[in-house]
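Student: If you scroll down you'll find the structure; I have some questions about it.
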Amino acid sequence: GESVGLHLPTLSVQEGDNSIINCAYSNSASDYFIWYKQESGKGPQFIIDIRSNMDKRQGQRVTVLLNKTVKHLSLQIAATQPGDSAVYFCAENTGANSKLTFGKGITLSVRP
Amino acid sequence: DAGVIQSPRHEVTEMGQEVTLRCKPISGHNSLFWYRQTMMRGLELLIYFNNNVPIDDSGMPEDRFSAKMPNASFSTLKIQPSEPRDSAVYFCATNSRGRRETQYFGPGTRLLVL
């Protein structure tokens, strides 16, 4: 089986509170960013994306913020629900091809 | 739309055996990606195809791994011979020409090599 590996950082929030998940990226040439949600036993699921010509984009209960100056991306989830418990990944694309580079992931745990 | 379909969902095999993982992309999607996910290394891109042609296989760990896409609706990832360190979850993802960066993932194949 798999050997013991790195533990993902965990964010624990109370149900109903807002969550903020952060991601730092390293490639200043990246021009497209995506947040994925991965629930246990499932594949990553697309949540929201943003292009580098924007600094904010809103979806249903989610907002993505992009700060290109410090190469920082965040995902805000309003009124966090138990169903939001999952691992969240940020991913970036440089536009040169279709490849995405994924971050390590952050575990969001919602307390009832 | 059924989404990306992968089979089998779970595979347990013994070291040295051949393993074949299968993927059916979303209809109309022209790029296909194979990833491996482990706790140690996270999500790693193994190989991707564009219009059935392999574009980048730099993530394939070694010659024991091979991937094919004989047509637009089917791809395989083969490991021969398999080793315990190949144990991981293998994902297939696809995207469309219109949204070339947004990849949609299948449910994955959980592989355990004993």
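For the record, the sequence lines run as chains A and B. So the working numbering is basically just the index in the first sequence, starting at one, shifted up by 34. So the working numbering is basically just the index in the second sequence, starting at one, shifted up by 107. Cβ atoms here follow ideal geometry from the backbone N, Cα and C, with glycine treated the same way. Fair warning: this is a prediction, and the values are worked out from it, not measured in the lab.
(1) Just how far apart, CA to CA, sit residue 58 (chain A) and residue 144 (chain B)?
(2) Starting from the C-beta of residue 169 (chain B), find all residues in its chain whose C-beta is less than 8 Å away, skip the five residues before and the five after it, and write them out in chain order.
(3) Along the beta strand (DSSP E) that carries residue 104 (chain A), what are the first and last residues, could you check?
(4) Please classify residue 50 (chain A): is it buried, with 16 or more other beta-carbons within 10 angstroms of its beta-carbon, or exposed?
(5) Can you have a look at residue 38 (chain A) and say buried or exposed, based on whether 16 or more other CB atoms are within 10 angstroms of its CB?
(6) Here's the rule: buried if 16 or more other CB atoms are within 10 angstroms of the residue's CB, otherwise exposed. What is residue 139 (chain A)?
(7) Check this for me: beta carbons of residue 111 (chain A) and residue 142 (chain A), under 9 Å apart or not?
(8) Confirm, please, whether the CB-CB distance from residue 80 (chain A) to residue 107 (chain A) is below 9 Å.
(9) My assumption, with CB atoms under 8 Å, is that residue 183 (chain B) sits in contact with residue 115 (chain B). Please give the rounded CB distance.
(10) Count the other CB atoms within 10 Å of the CB of residue 119 (chain B); is the residue buried (16 or more) or exposed (fewer)?
(11) Can you name, in chain order, every residue of its own chain whose Cβ lies under 7 Å from the Cβ of residue 166 (chain B), other than the five neighbours on each side?
(12) Let me make sure I understand the geometry here. Which of A:70, A:86 and A:45 has the alpha-carbon closest to that of residue 103 (chain A)?
(13) In angstroms with no decimal places, state the Cα-to-Cα distance between residue 72 (chain A) and residue 126 (chain A).
(14) Once the 5 residues before and after residue 195 (chain B) are set aside, which same chain residues still bring their CB inside 7 Å of it?
Tutor: Reading off the structure:
(1) Here residue 58 (chain A) refers to the residue found at position 24 when the first sequence is read from its first residue. Here residue 144 (chain B) refers to the residue found at position 37 when the second sequence is read from its first residue. So the two alpha carbons sit approximately 20 Å from each other.
(2) Your numbering for residue 169 (chain B) matches position 62 in the second sequence. The answer is none, since no qualifying residue turns up.
(3) Position 70 of the first sequence, counted from the start, is the residue given in the question as residue 104 (chain A). Unbroken run through residue 104 (chain A): none, as it is neither H nor E.
(4) In the first sequence, the residue the question calls residue 50 (chain A) occupies position 16. So residue 50 (chain A) ends up on the exposed side.
(5) Residue numbering aside, residue 38 (chain A) sits at position 4 when the first sequence is read from its first letter. Per-residue confidence for residue 38 (chain A) stands at a pLDDT of 40, beneath the threshold of 50, marking its modelled position as unreliable; no derived number is given.
(6) Here residue 139 (chain A) refers to the residue found at position 105 when the first sequence is read from its first residue. Looking at its Cβ environment, which holds 16 or more other Cβ atoms inside 10 Å, residue 139 (chain A) is buried.
(7) Working through the first sequence from its first residue, we reach residue 111 (chain A) at position 77. Working through the first sequence from its first residue, we reach residue 142 (chain A) at position 108. For residue 111 (chain A) and residue 142 (chain A), yes; Cβs fall inside 9 Å.
(8) Stepping through the first sequence from its first residue, residue 107 (chain A) is reached at position 73. Stepping through the first sequence from its first residue, residue 80 (chain A) is reached at position 46. No; because the gap between Cβ atoms is not below 9 Å, this pair is not in contact.
(9) Sequence index remark: in the second sequence, residue 183 (chain B) carries index 76 (1-based). Sequence index remark: in the second sequence, residue 115 (chain B) carries index 8 (1-based). Between residue 115 (chain B) and residue 183 (chain B) the Cβ distance is about 12 Å, and since that is not below 8 Å, they are no contact.
(10) Taking the first residue of the second sequence as 1, we reach residue 119 (chain B) at position 12. Exposed.
(11) Against the second sequence, residue 166 (chain B) aligns to sequence position 59. Excluding sequence neighbours, residue 166 (chain B) sits near 151, 152, 153 and 154.
(12) Position 69 of the first sequence, counted from the first residue, corresponds to residue 103 (chain A). It is A:86.
(13) Here residue 72 (chain A) refers to the residue found at position 38 when the first sequence is read from its first residue. Here residue 126 (chain A) refers to the residue found at position 92 when the first sequence is read from its first residue. When rounded, the distance between both Cα atoms is 17 Å.
(14) Stepping through the second sequence from its first residue, residue 195 (chain B) is reached at position 88. Only 143, 144, 145 and 218 meet the Cβ criterion.
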